[in-house]
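Trainee: Residue numbers (this note's numbering), protein chains in the order written: chain A, 152 to 262; chain B, 60 to 173.
C-beta: ideal position from N, C-alpha, C; glycine also.
1. Where residue 166 of chain B and residue 192 of chain A are concerned, what is the direct C-alpha to C-alpha distance, given to the nearest angstrom?
2. Per DSSP, what kind of secondary structure is residue 218 of chain A in: helix, strand or coil?
3. Of all the options A/166, A/152, A/206 and A/259, which has the alpha carbon lying nearest to the alpha carbon of residue 238 of chain A?
4. Mapping the DSSP letters down to three states, classify residue 140 of chain B as helix, strand or coil.
5. Does any CB atom of chain A fall closer than 9 Å to the CB of residue 119 of chain B?
6. Could you tell me which of B/150, B/120, B/62 and B/168 sits nearest to residue 86 of chain B, measuring between CA atoms?
7. Three or more C-beta pairs closer than 8 Å, one from the stretch 153-160 of chain A and one from the stretch 117-132 of chain B: is that the case here?
8. Identify the continuous beta strand (DSSP E) that holds residue 108 of chain B and give its terminal residues.
9. What does residue 80 of chain B reach in chain A if we use C-beta pairs closer than 7 Å?
10. Kindly say whether residue 89 of chain B, judged by its beta-carbon, lies nearer than 9 Å to any beta-carbon of chain D.
11. What is the DSSP secondary structure of residue 233 of chain A, counted as helix, strand or coil?
12. Identify which residue in A/210, A/177 and A/240 has its Cα closest to the Cα of residue 97 of chain A.
13. So what does DSSP say about residue 120 of chain B, is it helix, strand or coil?
14. For residue 247 of chain A, go through chain B and note every residue whose CB falls closer than 7 Å to its CB, in chain order.
15. Which residues, taken in chain order from the stretch 121-148 of chain B, show a beta carbon closer than 9 Å to some beta carbon of chain A?
16. Once the 5 residues before and after residue 183 of chain A are set aside, which same chain residues still bring their CB inside 7 Å of it?
17. Cα separation between residue 150 of chain B and residue 187 of chain A?
18. Just to confirm my understanding: we take residue 163 of chain A, look at its own chain, exclude 5 residues before and 5 after, and list those with CB closer than 6 Å. What are they?
19. Under three-state DSSP, which class holds residue 134 of chain B?
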């Protein structure tokens, strides 16, 4: 059974600081890994998708890396803004058509 | 392009009742998955459908069921509701494109059981 852990559970930073969010998983036989953002009471917004054959993916201020052998992914958010305040979820996709989620990291960016 | 649409957005039901939630996937997407989100358990996989066939099911009691129609729309049903079924129910649709399968989620249905 895939177990996904996200550290830290919560993070508070001043505006402009870079964010580093960590995700680890126990089974390296993954199909893909996806990072999501969730605002309170809302659904999930897809941020980045990394296929199992890729090492990283970038979109604007966001960069995600994947190291399957060590079971880790890291999401970097450059020059954080108050609008980046949200919960960030890491989800590992498997060949049996399901995503296994971490508990999330709740980020607060202080103006 | 319209996103994943879930209806209704909010529901209040009484213990013992049953409820049906609906999900319309992104046009062209044939895979629909359902997840339950609670503060204590986080996001847990319920089931996945593709072309009207259930391909995988999570570890939930038989009170939780689902189906998919020929137009890829999906419904999930929870019978004999319990207080612990109160949760945000999220639906995701996906389609393999260029070797990539990205999941897109709806806004969810907030179910409260009283």
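Mentor: In terms of the structure at hand:
1. 8 Å
2. strand
3. A/259
4. coil
5. no
6. B/62
7. no
8. 101-109
9. None at all; the shortest Cβ gap to chain A is about 13 Å.
10. The chain labelled as chain D is not found among the protein chains of the depicted structure, namely A and B.
11. helix
12. Since the first residue shown for chain A is 152 and the last is 262, residue 97 of chain A is missing from the structure and cannot be characterised.
13. coil
14. 115
15. 147
16. 200, 201, 202, 203 and 244
17. 14 Å
18. 259
19. strand
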